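Number of protein chains: 2
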Amino acid sequence: MVSRPSLETATASDPDRFVEPLELGKRVKEIRLTKGWTLEEVSKRTGIARSTLSKIENDQVSPSFTIVQKLIKGLGMDLPQLFVEASEHSIAGRRDITRKGKGEPHPTATYEHELLNFSISRKKMVPFKTKVRARSFDEFKEWVRHDGEEFLLVLEGRINFFSELYEPIELKEGDSVYYDASMGHTVVSTSSKDAEILWVVAR
Amino acid sequence: MVSRPSLETATASDPDRFVEPLELGKRVKEIRLTKGWTLEEVSKRTGIARSTLSKIENDQVSPSFTIVQKLIKGLGMDLPQLFVEASEHSIAGRRDITRKGKGEPHPTATYEHELLNFSISRKKMVPFKTKVRARSFDEFKEWVRHDGEEFLLVLEGRINFFSELYEPIELKEGDSVYYDASMGHTVVSTSSKDAEILWVVAR
DNA sequence: TAACGCTGTTTCTTTTAGTAAACTTTTAGA
DNA sequence: TCTAAAAGTTTACTAAAAGAAACAGCGTTA
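Sequences listed follow chains A and B, in order.
Using full-length UniProt numbering, the first residue of the first sequence is number 1, and each one after it goes up by one.
Using full-length UniProt numbering, the first residue of the second sequence is number 1, and each one after it goes up by one.
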């Protein structure tokens with residue numbers, strides 16, 4: 001019996017409950033219209049029949065993976081991009097301002113973090129300003145290490161940037177470093193005053 | 001999979017040339033084994049028949065979009081993750097330092113960008129410092145708008161931050177804003193000297 | 001080594017997707 | 001506003017994918 005319940009209601013035990021709506025069709029149409037293309041043009045670009053494209057846009061079919069790949073190529077978009085949209089909640093049309101010094105404080109023994117723009121929750125990046133208290137590498141029990149990538153900009157003072165795979169390096173105001181955060185890393189101040197840095201993390 | 005019989009042998013105009021191999025099956029199997037799951041377990045989690053899963057892993061079919069969605073949910077993975085692999089490599093264990101003023105310059109009529117940490121290519125974030133030349137909103141022909149999210153920190157001077165859905169707001173040194181970059185946005189200096197800002201973009 | 005349970009593969013049937021062509025609607029031109 | 005062309009939709013049919021069940025391979029156990 002198996003269902004093709006694209007238009008029916010899913011019950012709690014229906015395996016289809018796992019599937020989010022994700023209006024692929026709507027998205028495809030949007031992109032096509034933005035570029036000012038007709039179905040025929042997209043058809044030529046992708047090798048997909050005009051009729052098939054129409055059905056996809058109107059959610060009358062669930063295109064196969066090969067078709068989706070052709071679509072992506074033909075519409076000239078990144079692969080993830082097409083899908084992501086709906087599944088990964090976006091911050092669509094939002095904006096969040098943090099005034100100087102008004103971030104959310106997160107003090108630790110070695111760092112004094114100030115989390116910026118904390119009112120938007122699901123974001124790709126986490127920016128924070130940090131006063132570096134630590135003066136020596138020994139103050140850390142072990143490497144800091146986590147998923148994702150990190151960008152660091154020295155706003156004030158001087159720091160030593162330690163990392164697992166490289167020699168320590170001194171960074172002055174205005175210098176920046178971008179690194180894989182799964183590689184152990186820590187920072188200590190080398191200026192007389194505690195250094196201040198900006199950190200942006202992306203998972 | 002399998003090519004359409006209606007199409008002739010591959011030529012420069014063969015639409016199939018656009019489609020990358022992208023071994024979805026191999027990838028799915030990898031993930032399943034990593035988690036130590038059997039086909040049956042995945043079947044229960046996803047609601048996809050064991051036999052179908054086997055065929056997918058062995059590239060005997062090109063699963064439909066609904067099936068792909070179920071797979072993603074069931075395997076508990078981000079959507080992009082599944083596909084990306086081939087195209088996006090990680091920066092594993094890398095580090096890249098840019099000294100003050102030593103970024104890659106990208107001047108435009110309204111902004112003077114300095115791209116930071118440009119030697120690492122495939123990264124999640126793109127950081128750059130910008131001198132804001134523009135003094136009035138009119139200098140822009142239209143909204144700047146692109147995929148992803150953006151973080152902005154004022155390093156020096158004052159700016160007006162314009163965005164499609166909000167009233168303009170003045171930001172001073174140390175203020176920051178985080179926003180959806182697909183919402184139209186532009187920035188102009190309001191201080192006597194051109195303002196300097198840090199921008200970090202994530203797709 | 002026979003029998004069992006569990007894994008993954010294959011076969012077979014049903015259901016769905018994909019195409020060409022017919023059809024309908026919209027747009028543009030005189 | 002009439003007409004022609006082009007855009008999008010639906011139909012009718014073929015090709016392909018999804019599922020159920022049969023099958024084959026492999027350790028484990030008796």
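Note that the Cβ used here is the ideal one computed from N, Cα and C, for glycine as well.
Note that the structure is predicted; figures quoted are calculated from it, not measured.
No Cβ of chain B is located within less than 8 Å of the beta carbon of Y111(A). With respect to L153(B), S176(B) sits close: the two C-beta atoms are nearer than 8 Å. With contacts defined by Cβ atoms closer than 8 Å, V188(B) and I197(B) do not form a contacting pair. With a 10 Å radius around the Cβ and a threshold of 16 neighbouring Cβ atoms, P107(A) comes out exposed. At a cut-off of 8 Å, the C-beta of N117(B) has a neighbouring C-beta in chain A. DSSP places E30(B) in the helix class (H, G or I) of the three-state scheme.
At a cut-off of 8 Å between C-beta atoms, K172(B) counts as an interface residue with respect to chain A. Sequence-distant Cβ neighbours of R45(B) in its own chain, meaning closer than 6 Å and more than five residues away, are G74. Distance from the CA atom of V200(A) to the CA atom of E150(B), rounded to whole angstroms, is 11 Å. Restricting attention to S43(B), G184(B) and V28(B), the CA atom closest to the CA of D59(B) is found in V28(B). Contact annotation: in the stretch 146–159 of chain B, residues whose CB is within less than 8 Å of a CB in chain A are D147, G148, E149, F151, L153 and L155. Rounded to whole angstroms, the gap between the alpha carbons of E114(A) and L171(A) is 20 Å. Per DSSP, the unbroken alpha helix (DSSP H) holding S43(B) starts and ends at L39 to T46. Along the stretch 48–71 of chain A, going in chain order, the ones with a CB nearer than 7 Å to a CB of chain B are S62, P63, S64, F65, T66, V68, Q69 and K70. Only F161, S163, E164, L165, Y166, I169, L171, K172, E173, G174, D175, S176, V177, Y178, Y179, D180, S182, M183 and H185 from the stretch 161–194 of chain B bring a Cβ to less than 9 Å from some Cβ of chain A. If you draw a straight line from the Cα of Y166(A) to the Cα of I67(A), it comes to about 45 Å. Against chain B, the beta carbon of I197(A) has no neighbour under 8 Å; the closest one sits roughly 12 Å away.
Sequence-distant partners of E57(B) (beyond 5 residues in either direction) whose C-beta falls short of 7 Å from its own C-beta, in its chain, are G25, V28 and K29.
In terms of Cβ geometry, G101(A) and G174(B) form a close pair [threshold 8 Å]. V68(A): member of the alpha helix (DSSP H) spanning F65 to L75, first to last residue.
If you compare the alpha carbons of V61(B), S62(B) and S191(B) with that of K131(B), the shortest gap goes to S191(B). Closer than 8 Å to the CB of V144(B) there is not a single CB belonging to chain A.
Only residues of its own chain outside the window of five on either side were considered, and among them T110, A134 and T186 have a CB closer than 8 Å to the CB of F140(B), listed in chain order. Against chain A, the beta carbon of T130(B) has no neighbour under 8 Å; the closest one sits roughly 13 Å away. The criterion of a C-beta distance shorter than 8 Å is not satisfied by D138(B) and S182(B).
Your pair R94(A) and I120(A) checks out as a contact, with CB atoms roughly 6 Å apart and the cut at 8 Å. Only residues of its own chain outside the window of five on either side were considered, and among them N160 and F162 have a CB closer than 6 Å to the CB of P168(A), listed in chain order. Partner residues in a beta bridge of V61(B), as assigned by DSSP, do not exist. Cβ atoms of K70(B) and G47(B) come within 8 Å of each other, at about 6 Å. In the DSSP assignment, the residues bridged to A202(B) are M125(B) and E149(B).
The C-beta distance from L39(A) to L53(A) rounds to 5 Å, short enough to fall under 8 Å. DSSP lists Y179(B) as the bridge partner or partners of R95(A). By alpha-carbon distance to G184(A), the top candidate from Y178(A), E41(A), R145(A) and K193(A) is R145(A). Annotation for E114(A): the continuous beta strand (DSSP E) segment containing it runs Y111 to L115.
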